Amino acid sequence: MSYQVLARKWRPKRFTEMVGQEHVLKALVNALDDDRLHHAYLFTGTRGVGKTSIARLFAKSLNCETGVSSEPCGQCGACIEIAEGRFVDLIEVDAASRTKVEDTRELLENVQYAPTHGRFKVYLIDEVHMLSTSSFNALLKTLEEPPPHVKFLLATTDPQKLPVTVLSRCLQFNLKNLIPEKIVNHLAYVLNEEQIRYEEPALWLLARSADGSMRDALSLTDQSIAFGAGAVIENDVRAMLGTIDQRLVYRILDALVALDPSELLASVSDLAQFSPDYMTVLGDLISLLHRIAVAQVLPEAVDNSMGDQTQVSTLAHKIRPEDIQLFYQIALMGRKDLPFAPDAREGLEMILLRMLAFRPADAKASSIELADASVTAPSTSKQDVVTQASNKPSVVEPVKTAPELPVVTPETVVVASDLEPPPYDEYDLPPQIEEEPNGKKPIAEPLPAQQAEVNTVHERALPAADHPVTVQVVDTGGVDHELTVDLPTSLSALQPSHWVSLLGALGLSGMTASIASNLSLESVSESQLLFHFRAEQEALLNDVQQQRIEEALAGYFQQTLSVAFNKAVQTQETPADYFARLKAERLARAINDFETDPHVQQLLSQFSGKIIPDSIYPIDP
Numbered sequence: 001m002s003y004q005v006l007a008r009k010w011r012p013k014r015f016t017e018m019v020g021q022e023h024v025l026k027a028l029v030n031a032l033d034d035d036r037l038h039h040a041y042l043f044t045g046t047r048g049v050g051k052t053s054i055a056r057l058f059a060k061s062l063n064c065e066t067g068v069s070s071e072p073c074g075q076c077g078a079c080i081e082i083a084e085g086r087f088v089d090l091i092e093v094d095a096a097s098r099t100k101v102e103d104t105r106e107l108l109e110n111v112q113y114a115p116t117h118g119r120f121k122v123y124l125i126d127e128v129h130m131l132s133t134s135s136f137n138a139l140l141k142t143l144e145e146p147p148p149h150v151k152f153l154l155a156t157t158d159p160q161k162l163p164v165t166v167l168s169r170c171l172q173f174n175l176k177n178l179i180p181e182k183i184v185n186h187l188a189y190v191l192n193e194e195q196i197r198y199e200e201p202a203l204w205l206l207a208r209s210a211d212g213s214m215r216d217a218l219s220l221t222d223q224s225i226a227f228g229a230g231a232v233i234e235n236d237v238r239a240m241l242g243t244i245d246q247r248l249v250y251r252i253l254d255a256l257v258a259l260d261p262s263e264l265l266a267s268v269s270d271l272a273q274f275s276p277d278y279m280t281v282l283g284d285l286i287s288l289l290h291r292i293a294v295a296q297v298l299p300e301a302v303d304n305s306m307g308d309q310t311q312v313s314t315l316a317h318k319i320r321p322e323d324i325q326l327f328y329q330i331a332l333m334g335r336k337d338l339p340f341a342p343d344a345r346e347g348l349e350m351i352l353l354r355m356l357a358f359r360p361a362d363a364k365a366s367s368i369e370l371a372d373a374s375v376t377a378p379s380t381s382k383q384d385v386v387t388q389a390s391n392k393p394s395v396v397e398p399v400k401t402a403p404e405l406p407v408v409t410p411e412t413v414v415v416a417s418d419l420e421p422p423p424y425d426e427y428d429l430p431p432q433i434e435e436e437p438n439g440k441k442p443i444a445e446p447l448p449a450q451q452a453e454v455n456t457v458h459e460r461a462l463p464a465a466d467h468p469v470t471v472q473v474v475d476t477g478g479v480d481h482e483l484t485v486d487l488p489t490s491l492s493a494l495q496p497s498h499w500v501s502l503l504g505a506l507g508l509s510g511m512t513a514s515i516a517s518n519l520s521l522e523s524v525s526e527s528q529l530l531f532h533f534r535a536e537q538e539a540l541l542n543d544v545q546q547q548r549i550e551e552a553l554a555g556y557f558q559q560t561l562s563v564a565f566n567k568a569v570q571t572q573e574t575p576a577d578y579f580a581r582l583k584a585e586r587l588a589r590a591i592n593d594f595e596t597d598p599h600v601q602q603l604l605s606q607f608s609g610k611i612i613p614d615s616i617y618p619i620d621p
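Start counting the sequence shown at 1; every next residue gets the next number (the UniProt record's numbering).
This is how it looks when you write it as structure tokens:
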């Protein structure tokens, strides 16, 4: 007996044997069972996803001798003849070889005659988009009003080439590409039935190479069986397909995380032994980074479509989200530039080295270094100045300067009394403000303004138990209100209202800081903090982010504590809401000051002008 290829041997014989395409099968099954049959169906999709198979099953259901049903018997004469491809009332046409209008007219001449053997005369036209314009015109009238005994089943891989007049006359079903998991499961079933030894990683390689096509997957399986002498082995499949070991991609990513350039280049060297397509390697790395990013935000959303769910989950806990985004962007841009490199391997190495070069320093290490640093010299720029005051509490005073210097009263500056000021000539002095000719005084005298601009700022160190931390937030740009809070160093003294100022003292950064700014501290007990968050924050506030916030709080208070996160109504103001409110108030004041300015009013009056909405904003110092 001659060998029959797997793609033909395992062609589905009933709808229940189809793999995937549930959305199409549901509509067809209901139409058959409820006797609501259309006269023309159009099946679209890429190669090997089941267009022709579904059309033949549909024809079998229409002509089964037991009656029209979604479950044909498969044993009557009509079912057997359709399965063997010799049913006289199923006319299969290859439109690619019969494109002329004469062929179409010849085909339609017999439409008016009743079926010879079956219940319906079924015209199955494959690759229908290959018909000429004249052929489509000849088909239109019959397609719109065919005889009751005629059904048209059209299949195409390129529906965009079909005239709109044809599309409007058909029920269109778009068949989807199959996901690798379904292909792997079906290949495993087929190989078990065929009693062929296989390795599951090899099936994942075949499924990914099939690119969503079950027929391609079965054809590649046939090839791999021949290549492996009757077995489907991972190494043989890799050699047959010319693909690289994905473990090398994981090794490259591990070297990036470890900041190990020698291991990174060694991984590329081992990769080069396979003579890979470096564009494909970079694409695999980009895909892996995307899956890791998804795992960090929503762990349950990571499927096993690549057979690496465990490895992805492990890497998601090892890499910071900021690094993932940086690596992804560099790899994405590098893929565009890779063809311009003189050598593809050199281009890949430069992309990977660029990831190392631009990777930011670890946020936690940076915060510790800042906390231990003691800098006494003032900065000559408008950045924060870090000094050390002996035997005095650390003071955090983020003070900004505005184009118009605000009036700063002595009470708004919280500085230890015995701090030694830096030499006067080291100040970054602003230009002297001349008195206006009309006798108006400047908004602030030069000396107090200069003193306000160079107020000493102390970075937070780990607080001692007997030294409270004072945080002062001075709004600039003419804002009248201020916030001065003494942060407690013990959990018993903490109040929910302290959370707005406490967040800045925790040293959080990146996504964790953003998530924490949307939390509200609702209650404080002896050893537990209760936070509320909104529903839209639920996906972001995963176990990793919760652990980081809890560790930061435990490190600040220097004690073990329990932190609870509940999705509930927030009764306390979040830091994000607080600063958004300040920003809105500042914008409202800026708009009011601008609109009431006499010069602006004069311009509007003289030139019949109007103020463009959303064009006014406060100038940040």
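Beta carbons: idealized from backbone N, C-alpha and C, even for Gly. Since the structure is predicted, the reported quantities are computational estimates derived from the model, not experimental observations.
Per DSSP, which residues does residue i bridge with? Please list them.
| i | result |
| --- | --- |
| residue 198 | 232 |
| residue 626 | Residue coverage of the chain in this structure runs from 1 to 621, which leaves residue 626 outside it and unanswerable. |
| residue 150 | 121 |
How long is the line joining the alpha carbons of residue i and residue j, rounded to whole angstroms?
| i | j | result |
| --- | --- | --- |
| residue 22 | residue 32 | 15 Å |
| residue 598 | residue 592 | 12 Å |
| residue 167 | residue 140 | 10 Å |
| residue 133 | residue 49 | 27 Å |
| residue 182 | residue 210 | 12 Å |
| residue 557 | residue 350 | 44 Å |
| residue 152 | residue 190 | 32 Å |
| residue 586 | residue 576 | 15 Å |
| residue 52 | residue 126 | 8 Å |
| residue 265 | residue 332 | 20 Å |
| residue 613 | residue 601 | 16 Å |
| residue 261 | residue 360 | 16 Å |
| residue 356 | residue 163 | 53 Å |
| residue 533 | residue 510 | 18 Å |
| residue 617 | residue 252 | 47 Å |
| residue 364 | residue 507 | Confidence is the limiting factor: at residue 364 the pLDDT is only 42, short of 50, which leaves the residue's position unreliable, though a coordinate-based value still follows. Cα to Cα, residue 364 sits roughly 8 Å from residue 507. |
| residue 588 | residue 596 | 12 Å |
| residue 89 | residue 115 | 6 Å |
| residue 337 | residue 283 | 13 Å |
| residue 171 | residue 146 | 15 Å |
| residue 489 | residue 517 | 20 Å |
| residue 235 | residue 200 | 12 Å |
| residue 544 | residue 187 | 37 Å |
Check residue i in the structure and name its three-state DSSP category.
| i | result |
| --- | --- |
| residue 262 | helix |
| residue 40 | strand |
| residue 63 | helix |
| residue 83 | helix |
| residue 155 | strand |
| residue 173 | strand |
| residue 91 | strand |
| residue 121 | strand |
| residue 111 | coil |
| residue 24 | helix |
| residue 126 | strand |
| residue 68 | coil |
| residue 302 | coil |
| residue 615 | coil |
| residue 14 | coil |
| residue 347 | helix |
| residue 9 | helix |
| residue 308 | coil |
| residue 163 | coil |
| residue 75 | coil |
| residue 186 | helix |
| residue 328 | helix |
| residue 459 | Low confidence applies here, because residue 459 scores a pLDDT of 39, under 50, leaving its location unreliable; read the following figure in that light. Coil at residue 459, not helix or strand. |
| residue 131 | coil |
| residue 216 | helix |
| residue 607 | coil |
| residue 178 | coil |
Quick test of your reading: residue i and residue j, contact by CB under 8 Å. State the CB separation rounded to the nearest angstrom.
| i | j | result |
| --- | --- | --- |
| residue 553 | residue 561 | 6 Å |
| residue 157 | residue 131 | That pair is no contact at about 14 Å. |
| residue 281 | residue 348 | 7 Å |
| residue 177 | residue 212 | 3 Å |
Closer than 8 Å: is that where the CB of residue i sits relative to any heavy atom of the ligand SAM?
| i | result |
| --- | --- |
| residue 48 | Absence of the ligand SAM is noted for the structure shown, with no ligands found whatsoever. |
- [ ] Go through the region 477-557 residue by residue and report every complete run of the alpha helix (DSSP H) that reaches 4 residues or more, in order.
- [x] 499-502, 510-516 and 543-557
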